[in-house]
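With the working numbering, letter number 539 in the sequence shown gets 836, and the count goes up by one each step, no holes.
All residues carry an ideal CB built from backbone N, CA and C; glycine is no exception.
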Amino acid sequence: MASTEGISGSGARYDSLYFDYVHHPFELPPEMRGDAPVHQVVVAGAGPVGLTVALELARRGIEVVVLEEDDTVNRGSRAVGTARRSLEIFERIGAGTRFVETGVSWKGGRSYYRDKLVLDFQVQQDPRLKHPPMVSLAQCHVEQYLYEALRAYPNVSLRWSSRLEHVEQDGERVTARVHTPSGSYALHAQWLVACDGGRSAVRRSLGKELRGSVYEGRYLIVDIQMRSKEPPGRRVWFDPPAFPGATIIMHKQPFDIWRIDYQLLPEEDLEQEIQPKRVRERVTEFLASIGETADWQIDWISPYRAHSLTLDDYRDGRVLFAGDAAHLVPIFGARGMNGGVDDAHNLGWKLAWVAAGQAPPALLDTYSIERVDAARQNMALAEKSTRFMTPPTRGHAVMQEAVLSLAVSEAFVRELINPRQVTELRMTGSSLRLADDGSFGHGPAPGAVCPNLPCGASAGGTVFLHDRLGRDFTLLAFGDAGLGDKSRRLDALRASMGVPFGIDAVALDDAGIAGAFDVRPGTAYLVRPDGHVMARWRAWEPETVLPCLVRAVRGKEELDHAG
Numbered sequence: 298m299a300s301t302e303g304i305s306g307s308g309a310r311y312d313s314l315y316f317d318y319v320h321h322p323f324e325l326p327p328e329m330r331g332d333a334p335v336h337q338v339v340v341a342g343a344g345p346v347g348l349t350v351a352l353e354l355a356r357r358g359i360e361v362v363v364l365e366e367d368d369t370v371n372r373g374s375r376a377v378g379t380a381r382r383s384l385e386i387f388e389r390i391g392a393g394t395r396f397v398e399t400g401v402s403w404k405g406g407r408s409y410y411r412d413k414l415v416l417d418f419q420v421q422q423d424p425r426l427k428h429p430p431m432v433s434l435a436q437c438h439v440e441q442y443l444y445e446a447l448r449a450y451p452n453v454s455l456r457w458s459s460r461l462e463h464v465e466q467d468g469e470r471v472t473a474r475v476h477t478p479s480g481s482y483a484l485h486a487q488w489l490v491a492c493d494g495g496r497s498a499v500r501r502s503l504g505k506e507l508r509g510s511v512y513e514g515r516y517l518i519v520d521i522q523m524r525s526k527e528p529p530g531r532r533v534w535f536d537p538p539a540f541p542g543a544t545i546i547m548h549k550q551p552f553d554i555w556r557i558d559y560q561l562l563p564e565e566d567l568e569q570e571i572q573p574k575r576v577r578e579r580v581t582e583f584l585a586s587i588g589e590t591a592d593w594q595i596d597w598i599s600p601y602r603a604h605s606l607t608l609d610d611y612r613d614g615r616v617l618f619a620g621d622a623a624h625l626v627p628i629f630g631a632r633g634m635n636g637g638v639d640d641a642h643n644l645g646w647k648l649a650w651v652a653a654g655q656a657p658p659a660l661l662d663t664y665s666i667e668r669v670d671a672a673r674q675n676m677a678l679a680e681k682s683t684r685f686m687t688p689p690t691r692g693h694a695v696m697q698e699a700v701l702s703l704a705v706s707e708a709f710v711r712e713l714i715n716p717r718q719v720t721e722l723r724m725t726g727s728s729l730r731l732a733d734d735g736s737f738g739h740g741p742a743p744g745a746v747c748p749n750l751p752c753g754a755s756a757g758g759t760v761f762l763h764d765r766l767g768r769d770f771t772l773l774a775f776g777d778a779g780l781g782d783k784s785r786r787l788d789a790l791r792a793s794m795g796v797p798f799g800i801d802a803v804a805l806d807d808a809g810i811a812g813a814f815d816v817r818p819g820t821a822y823l824v825r826p827d828g829h830v831m832a833r834w835r836a837w838e839p840e841t842v843l844p845c846l847v848r849a850v851r852g853k854e855e856l857d858h859a860g
């Protein structure tokens with residue numbers, strides 16, 4: 298198929314070599330036909346983060362309007378690395394398994410200094426877990442699969458060619474000004490989630506600023522279609538002969554698409570370097586330098602610069618921020634989109650409960666506390682990689698050269714070159730994480746993600762732990778002979794306290810799980826709706842567990858009022 302080589306930000310339409318971009322027609326909304334409804338939730342932005350928020354809300358019965366300024370999904374690879382945690386979230390919210398089925402799974406990679414191999418690494422993993430550590434999958438596929446899952450819900454309206462321009466709020470509702478091909482209109486909602494990217498109009502409207510660092514290093518991202526025999530994996534070249542002084546990264550994607558990220562030097566002019574003819578010259582030279590002789594074609598081109606920025610608070614009244622609208626994380630380590638998807642999963646159940654009247658608005662403060670902390674952890678990790686991949690000062694450049702030169706012959710320094718791919722973070726604060734008594738030697742501590750380990754079998758195959766988790770809170774009980782009686786008492790106590798959310802008590806007796814969770818008879822783990830461990834006990838009683846849980850969700854004052 299012929300391809301017009303697209304340049305991100307140019308506004309040009311083009312046909313991909315491998316992906317059919319469906320362009321959705323603009324449909325006149327009710328507000329432009331004389332109606333003025335107040336929607337439960339409006340989500341600004343139909344990228345991976347906005348669509349994940351919308352799916353989580355939709356499956357919990359919340360009415361959602363999603364605004365997207367384009368008429369199709371995002372073009373090109375963009376956030377190409379989808380981590381295990383994101384794959385778990387997509388499956389849990391009902392988006393299916395196509396992400397893994399389509400994506401290219403990889404478990405390691407190689408790094409070179411000039412023409413010498415200095416690192417051959419493997420991503421740390423537990424082979425028992427259901428999903429691979431990482432798959433390479435272009436963002437257009439991620440968005441398409443999420444969009445298709447969202448179409449199953451009648452309580453969701455996705456409005457294409459609808460650009461949010463301005464936001465105001467008065468304490469009772471949020472009003473957004475939306476521009477469309479047929480004019481502008483006012484859109485009213487109880488809550489608004491800003492997932493409208495790094496140039497967020499919502500953030501600008503409310504006068505909020507991202508704080509942190511902007512790095513000088515510039516990259517071009519080039520997707521090419523090429524049939525190569527090279528296996529999947531992440532390859533990095535520092536100071537390669539074809540690009541002296543620069544860094545180049547290369548990944549394999551599905552459909553014979555290869556992504557090449559190459560650094561531009563300070564003296565190189567971006568407007569010249571981004572032209573397709575110049576890109577073709579440089580990619581040709583690079584491929585020849587690594588011995589790649591297959592035919593290839595350009596599919597997509599985009600410039601990139603590393604940012605490490607975050608808001609101080611992801612909640613402003615009835616407006617919540619997520620993804621790039623809340624934080625910008627350097628590309629190295631695949632923490633951008635994956636961190637945003639984690640934002641969405643954390644926020645989705647909390648906002649659904651608040652919008653449905655099941656929890657007070659203060660529950661949303663825990664979202665901000667937890668995800669601001671996570672963003673800062675991600676930024677700290679990504680900044681280490683960024684300073685090594687793209688040294689910001691002469692001192693950093695000298696250190697990089699020293700490490701790489703030594704790594705050619707000395708194995709003990711090679712760990713310093715490890716790209717530190719995305720890892721699951723443990724939450725360190727908020728009321729939805731209860732400290733345990735210190736009797737556990739290992740296992741997922743409060744704040745950690747509950748590992749998706751195998752825990753049995755059925756006619757359909759292996760049963761994994763996340764398959765046993767309920768939609769709300771789940772109490773995993775190990776070797777508890779009195780679980781039946783405790784479950785009945787738990788239900789009765791919930792009814793007497795007027796607790797509107799569910800708590801499923803699940804009995805587990807799998808030896809593998811027990812070992813991973815440091816179990817003794819009677820041990821119990823309380824898992825939140827987003828899969829994070831909230832608390833764990835060596836012994837538990839409903840009269841102890843439920844008040845702790847309600848206090849964390851509702852706050853002490855509401856618990857006292859409920860008796």
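Contacts around residue i, its chain only, beta-carbon distance under 6 Å, and the 5 residues preceding and following it disregarded
i      : result
Pro658 : Val651
Gln337 : Ile359, Glu360, Gln487, Ala652
Ala656 : Trp650, Val850
Gly614 : Gln466
Ala641 : Val346, Thr349, Val350, Ala619
Lys247 : Residue 247 falls outside the range modelled here, since the chain spans only 298 to 860, and no answer is possible.
DSSP-derived helix/strand/coil call for residue i
i      : result
Thr394 : coil
Gly530 : coil
Ala491 : strand
Tyr315 : coil
Val746 : strand
Ser454 : strand
Trp646 : helix
Thr349 : helix
Gln337 : strand
Ser305 : Note that Ser305 scores 36 on pLDDT, short of 50, meaning its location in the model is unreliable; the coordinates nonetheless yield the value given after this. Three-state DSSP puts Ser305 in coil, outside helix and strand.
Pro420 : The sequence shown places Val at residue 420, rather than the Pro named in the question. Coil.
Leu773 : strand
Leu722 : coil
Thr663 : helix
Gln569 : helix
Leu729 : coil
His763 : helix
Leu843 : helix
Gly781 : helix
According to DSSP, residues forming a beta bridge with residue i
i      : result
Glu465 : Thr472
Gln441 : In the DSSP output, where bridge partners are listed per residue, Gln441 has none listed.
Val862 : Outside the shown range of the chain (298 to 860) lies residue 862, about which nothing can therefore be said.
Arg556 : Asp520, His548
Val280 : Any property of residue 280 remains undetermined from this structure, which presents the chain solely from 298 to 860.
Val705 : DSSP, once it has assigned bridges, lists no residue as partnering Val705.
Beta-carbon proximity check, residue i vs residue j, cutoff 8 Å
i      : j      : result
Leu561 : Tyr516 : yes
Cys437 : Arg372 : yes
Leu766 : Val847 : no
Leu701 : Tyr450 : no
Val401 : Pro551 : yes
Pro600 : Ile571 : yes
Arg556 : Val377 : yes
Ile546 : Arg531 : yes
Tyr664 : Leu617 : yes
Ala802 : Lys783 : yes
Pro538 : Asp412 : yes
Gly342 : Asp493 : yes
Val533 : Ser408 : yes
Val363 : Val511 : no
Trp597 : Ser755 : no
His463 : Arg474 : yes
Contact with chain C by residue i, beta-carbon distance below 8 Å
i      : result
Trp403 : No chain C appears in this structure, which consists of one protein chain only.
Cβ neighbours of residue i in the same chain (closer than 8 Å, five flanking residues each side left out)
i      : result
Asp368 : His320, His321, Pro322, Phe323, Trp457, Ser458
Ser479 : Phe323, Leu325, Met329
Sequence-distant residues of its chain with Cβ nearer than 7 Å to residue i (five each side left out)
i      : result
Asp730 : According to the sequence provided, residue 730 is Arg. The question's Asp does not apply to it. Closer than 7 Å at Cβ, skipping near neighbours: Met724, Pro743, Gly744, Met831.
Asp769 : Phe798, Gly799, Ile800, Pro826
Ala591 : Met523, Arg524, Ser525
Glu399 : Sequence check: residue 399 is Thr here, not Glu. Cβ neighbours of Thr399 beyond the five flanking positions: Leu434, His438, Pro551.
The ligand FAD heavy atom lying under 7 Å from the CB of residue i
i      : result
Leu644 : Absence of the ligand FAD from the depicted structure is noted, as is the absence of any ligand whatsoever, leaving it without description.
Check your understanding: Are at least three pairs of beta-carbons, each pair with one atom in the region 719 to 738 and one in the region 619 to 636, less than 8 Å apart?
Key -> yes
Practice item. Would you check if the region 602 to 609 and the region 501 to 510 touch, i.e. whether three or more CB-CB distances between them fall below 8 Å? Key: yes
Check your understanding: Would you call the region 386 to 400 and the region 414 to 422 in contact, with 3 or more CB pairs under 8 Å?
Key -> no
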